[in-house]
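For the sequence shown, position 242 matches number 242 in full-length UniProt numbering, and the numbering has no gaps at all.
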Amino acid sequence: MNQSYVVKLRFWQDAWNGTRSFAEDFPGLFSLSRNPEASVAEVASFVGGSEWDHSWHYDFRRRLGETEAIEFAALTHRLQEVSLTLPTEDKRGWGWDPSQLFSVKSFFYGLCLENSLASFPVYNLIWKSVTSMKVRVFAWMAWLGKINTTYVLQRRLPHITLLPSRCCLCFSHMESIDHLFLTYSFSCRLWEELSREVGIEWQNPQFLRTWMEQATAISCGNKRNLLFKAGLLTLLWALWGERNQRIFKEIDNTWQEIWESTKRNVGLALHGHKEFVGWSWQQWQGNWSDFC
Numbered sequence: 001m002n003q004s005y006v007v008k009l010r011f012w013q014d015a016w017n018g019t020r021s022f023a024e025d026f027p028g029l030f031s032l033s034r035n036p037e038a039s040v041a042e043v044a045s046f047v048g049g050s051e052w053d054h055s056w057h058y059d060f061r062r063r064l065g066e067t068e069a070i071e072f073a074a075l076t077h078r079l080q081e082v083s084l085t086l087p088t089e090d091k092r093g094w095g096w097d098p099s100q101l102f103s104v105k106s107f108f109y110g111l112c113l114e115n116s117l118a119s120f121p122v123y124n125l126i127w128k129s130v131t132s133m134k135v136r137v138f139a140w141m142a143w144l145g146k147i148n149t150t151y152v153l154q155r156r157l158p159h160i161t162l163l164p165s166r167c168c169l170c171f172s173h174m175e176s177i178d179h180l181f182l183t184y185s186f187s188c189r190l191w192e193e194l195s196r197e198v199g200i201e202w203q204n205p206q207f208l209r210t211w212m213e214q215a216t217a218i219s220c221g222n223k224r225n226l227l228f229k230a231g232l233l234t235l236l237w238a239l240w241g242e243r244n245q246r247i248f249k250e251i252d253n254t255w256q257e258i259w260e261s262t263k264r265n266v267g268l269a270l271h272g273h274k275e276f277v278g279w280s281w282q283q284w285q286g287n288w289s290d291f292c
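As structure tokens, this is what we get:
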């Protein structure tokens with residue numbers, strides 16, 4: 001039987017401003033809220049009449065750190081154009097049915113849709129790879145945004161401020177997954193080298209998820225395709241290893257040293273593949289574009 005409920009929309013946990021909730025878009029701020037179940041009406045400041053003004057009372061548990069301040073600026077920007085009226089009751093709709101009413105049929109359809117490969121576009125890139133299991137698991141966690149960079153740790157430990165929050169490679173930017181693995185010039189140089197050796201154009205993407213999803217659609221011949229996708233996952237692992245070496249062992253490698261190490265590891269992963277039968281160790285360490 002279809003059912004409908006009239007409820008108060010939750011400020012943090014319901015998708016009332018855009019397609020995602022504020023808890024998803026601003027996890028650092030959400031973790032600091034004293035009342036994560038607060039409704040929109042409870043967070044907004046009512047000044048009389050029929051309109052709600054644009055003053056919001058977030059009730060955070062502590063002062064914002066550097067990473068939360070960035071999220072707060074983005075949240076404030078999102079709320080600038082919000083206008084709420086008093087007489088209208090908040091309502092929650094069922095997103096998998098045009099009527100916004102729950103039905104078993106729409107629930108079953110939604111479950112099938114969410115469990116399809118469309119909800120995990122990098123499935124083949126990661127789980128069909130010939131790289132080691134630890135590299136594949138790490139790449140999967142990176143795509144999910146679960147790697148313990150300083151930014152992620154700050155979200156998990158909202159009661160304290162972690163210092164330093166800077167990237168250990170450049171010491172000038174916040175250590176986020178996108179910066180560490182993709183946009184920092186050191187990392188970018190490695191991606192350019194991989195792209196050059198397999199003959200694809202480097203597009204300078206800004207988000208790791210976007211880069212990995214784009215990589216699934218790249219086709220450049222069997223050999224180059226295998227080299228590119230194994231190289232992508234192996235480079236993620238190598239960059240994380242370099243980050244940890246600099247923090248815990250105070251050892252710095254050049255991008256050339258990391259690239260040579262990456263090529264060795266790709267060679268170890270692919271040397272038994274039928275596409276590379278007869279490849280010498282000199283070929284693995286040479287310029288791949290000369291042999292593909």
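Ideal Cβ positions, reconstructed from N, Cα and C, are used throughout, including at glycine.
None of the values given here were measured: they were computed from a predicted structure.
Check                                                                                                                                      : Outcome
Considering Cys188, what are the terminal residues of the alpha helix (DSSP H) in which it resides?                                        : Ser185 to Val198
Go ahead and pull the three-state DSSP assignment for Phe276.                                                                              : helix
Can Asp97 and Ser106 be called in contact, C-beta distance under 9 Å?                                                                      : yes
Give me the Cα-Cα distance between Leu182 and Leu236, rounded to the nearest whole angstrom.                                               : 9 Å
Below 8 Å CB to CB, which residues in the same chain sit around Glu192 once its five sequence neighbours on both sides are set aside?      : Trp202
Grab the span of the alpha helix (DSSP H) containing Gly267 for me, first residue to last.                                                 : Trp255 to Leu270
Per DSSP, what kind of secondary structure is Arg10 in: helix, strand or coil?                                                             : strand
Our contact map puts Ala142 next to Leu208 with C-beta atoms below 8 Å; I'd like the distance itself, whole angstroms only.                : 6 Å
Expressed to the nearest angstrom, what Euclidean distance is found between the alpha-carbon atoms of Leu169 and Ser176?                   : 12 Å
Find the nearest neighbour of Ile123 within the set Glu81, Trp56, Asn204 and Glu213, judged by alpha-carbon distance.                      : Going by the sequence as given, residue 123 is Tyr instead of Ile. The residue with the shortest Cα to Cα distance from Tyr123 is Glu213.
Whose C-beta lies closer than 7 Å to the C-beta of Asn222 among residues of the same chain, with five residues either side of it excluded? : Glu275
What is the rounded straight-line gap between the Cα of Arg166 and the Cα of Leu226?                                                       : 34 Å
What are the boundary residues of the alpha helix (DSSP H) that includes Lys229?                                                           : Asn222 to Phe248
Output the distance between the C-alpha atoms of Lys249 and Lys134, rounded to the nearest integer angstrom.                               : 21 Å
Mind checking whether Thr62 and Leu32 have CB atoms under 9 Å apart?                                                                       : The amino acid occupying residue 62 in the given sequence is Arg; Thr does not appear at that position. Yes, they are a contact pair.
Give me the Cβ distance between Ala38 and Phe11, rounded to the nearest whole Å; I'm assuming they're in contact under 8 Å.                : 5 Å
Which of the three DSSP states is assigned to Ser106 in this structure?                                                                    : helix
Would you mind working out which of Lys263, Trp259 and Cys292 sits nearest residue 293, comparing C-alpha positions?                       : The displayed coordinates of the chain run from 1 to 292. Any statement about residue 293 would go beyond what the structure contains.
Taking Ser132 as the reference, which of Leu270, Gly110, Phe60 and Ala69 has the closest Cα?                                               : Leu270
Is Pro27 buried or exposed, if buried means 16 or more other CB atoms sit within 10 Å of its CB?                                           : buried
Run through DSSP, which three-state label would Ser39 get?                                                                                 : strand
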